[in-house]
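Visitor: One structure is given below, represented as structure tokens, and several questions about it will come after.
Number of protein chains: 2
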Amino acid sequence: MTALMNRSATAPKETKAHRAILRVLEEDHAPLAETELRSRLLQRGVRVNKTTIYRQLAGLKERGAVKEVDFGDGKKRFESNDGEHHHHLVCTKCKSVDEVQLPGELVRLEKAISKNKKFKILDHALEFFGLCVNCK
Amino acid sequence: MTALMNRSATAPKETKAHRAILRVLEEDHAPLAETELRSRLLQRGVRVNKTTIYRQLAGLKERGAVKEVDFGDGKKRFESNDGEHHHHLVCTKCKSVDEVQLPGELVRLEKAISKNKKFKILDHALEFFGLCVNCK
DNA sequence: CATCATAATGCAACTCAGTTGCAATGTCAA
DNA sequence: TTGACATTGCAACTGAGTTGCATTATGATG
Ligand SMILES: [Mn+2]
Ligand SMILES: [Mn+2]
Ligand SMILES: [Zn+2]
Ligand SMILES: [Zn+2]
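One line per chain: the protein sequences are A and B, in this order.
For the first sequence, our numbering begins at 1112 and goes up steadily by one.
For the second sequence, our numbering begins at 1112 and goes up steadily by one.
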């Protein structure tokens, strides 16, 4: 490619960090913060700089491979974006995270809101906090 | 009071900062971050240190006068806790915030979830993002 | 009103998550 | 094999939020 080329849809390069991060997220299947992801990677013998992690996650996110999740603890969390759209049950005691799907429910709600509030809903954030079966 | 006294339900002292902060939150009626609150206070001629603001908000929160809200932008936001429980329609373009109530809806959802997931829901976070009537 | 215990404040220094500039390294198409 | 350019690591930085401590203000008590 002789310069002056295709800038869009740049395919990600197959690097060690890229592969490892994606694999951890696919296997662990929970929203992980940078430090968590980093130590998971270390456990597998892959040492990655935090800057690289953030940059990879940003790329994975805009490519739709990963979703950002917020538990309100001031940390960015990311999870694999394979399965169906769902929400989380976060145990405030042991920090475990379970998933829950609300098929149709939110869609219906959003339609109603969009209509009578004249607000075009593009996204939502819904997470539940409480005690898991082991902690309550 | 001769020391060794009532430690609970400490009534807050009537200070300039306390009054001003509460008044701004009651009037502006939107979830404000520290910097926003701080400049609103300045506009009214009240200069308050950010440490004081955070400490006041913490006190107001545990006293139930204020609620913490998270828009996922890495900032703690607080709003007056007078009205009914509600959620927000946040315009991602102009940053305006509207409110929306979902009477019963969430309660019903939570009951169903609590039952078949054996998870005791104590709280939830639900905010909507999109385009307000002026921006869409 | 005067006293004074103690709550509230301001400031500086700190922590911690996340970002940026830049030089060094790695990837992959040609 | 080569070279353009994407990715990485590191150090320095930003910005939100917190903490220790000395100073000031509140309000209960007498
Ligand atoms: Mn999930
Ligand atoms: Mn509100
Ligand atoms: Zn638990
Ligand atoms: Zn708008």
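Every residue gets a Cβ at the ideal spot worked out from N, C-alpha and C, and that includes glycine.
Name the chain B residues whose beta carbon is nearer than 8 Å to that of A/H1235?
Guide: In chain order: L1237, E1238, F1239, F1240.
Visitor: Mind checking which residues open and close the beta strand (DSSP E) that includes A/G1241?
Guide: Note, A/G1241: beta strand (DSSP E), 1231 to 1242.
Visitor: Going by the C-beta, is A/S1207 closer than 7 Å to any heavy atom of ligand 3?
Guide: Within the cutoff, so yes.
Visitor: Can you tell me whether DSSP reads B/A1144 as helix, strand or coil?
Guide: Three-state DSSP puts B/A1144 in a strand.
Visitor: Mapping the DSSP letters down to three states, classify B/H1196 as helix, strand or coil.
Guide: Coil.
Visitor: Inspect the beta-carbon positions of A/P1152 and A/I1132 and report whether they are closer than 8 Å.
Guide: The sequence given here has Leu at residue 1152 of chain A, not Pro. Yes. Within cutoff.
Visitor: Pop quiz: A/H1199 and A/E1210 are said to be a contact at Cβ under 8 Å. What is the actual Cβ separation, rounded to whole angstroms?
Guide: With a Cβ gap of about 6 Å, A/H1199 and A/E1210 count as contacting.
Visitor: Taking buried to mean at least 16 other C-beta atoms within 10 Å of its own C-beta, is A/D1181 buried or exposed?
Guide: Counting Cβ neighbours within 10 Å, A/D1181 comes out buried, since at least 16 surround it.
Visitor: Report yes or no: is there a C-beta of chain A within less than 8 Å of the C-beta of B/V1244?
Guide: Yes, B/V1244 counts as interfacial toward chain A.
Visitor: Kindly indicate which residue of A/C1246, A/R1219, A/K1206, A/L1233 has the alpha-carbon position closest to the one of A/A1144.
Guide: Ranking the options by Cα distance to A/A1144, first place goes to A/K1206.
Visitor: Taking only beta carbons into account, state which residues of the segment 1203 to 1215 of chain A come closer than 9 Å to chain B, listed in chain order.
Guide: Correct list: T1203, D1209, V1211, L1213.
Visitor: When every heavy atom of ligand 1 is checked, does at least one fall within less than 7 Å of the C-beta of A/P1142?
Guide: Within the cutoff, so yes.
Visitor: Which of helix, strand or coil does DSSP assign to B/V1218?
Guide: Helix.
Visitor: For ligand 2, enumerate in chain order all residues having a CB closer than 5 Å to any of its heavy atoms.
Guide: Output, sorted by chain position: B/E1190, B/E1210.
Visitor: Can you tell me which of B/R1219, B/V1218, B/L1233, B/L1213 puts its alpha carbon nearest to the alpha carbon of B/F1239?
Guide: Nearest C-alpha to B/F1239: B/L1213.
Visitor: Sorted by chain position, which residues of the same chain lie with C-beta nearer than 6 Å to A/T1113's C-beta, five sequence neighbours on each side aside?
Guide: Confidence in A/T1113 is poor, its pLDDT being 36 and thus under 50, which makes the residue's placement unreliable; the coordinate value appears in the next sentence. The answer is none, since no qualifying residue turns up.
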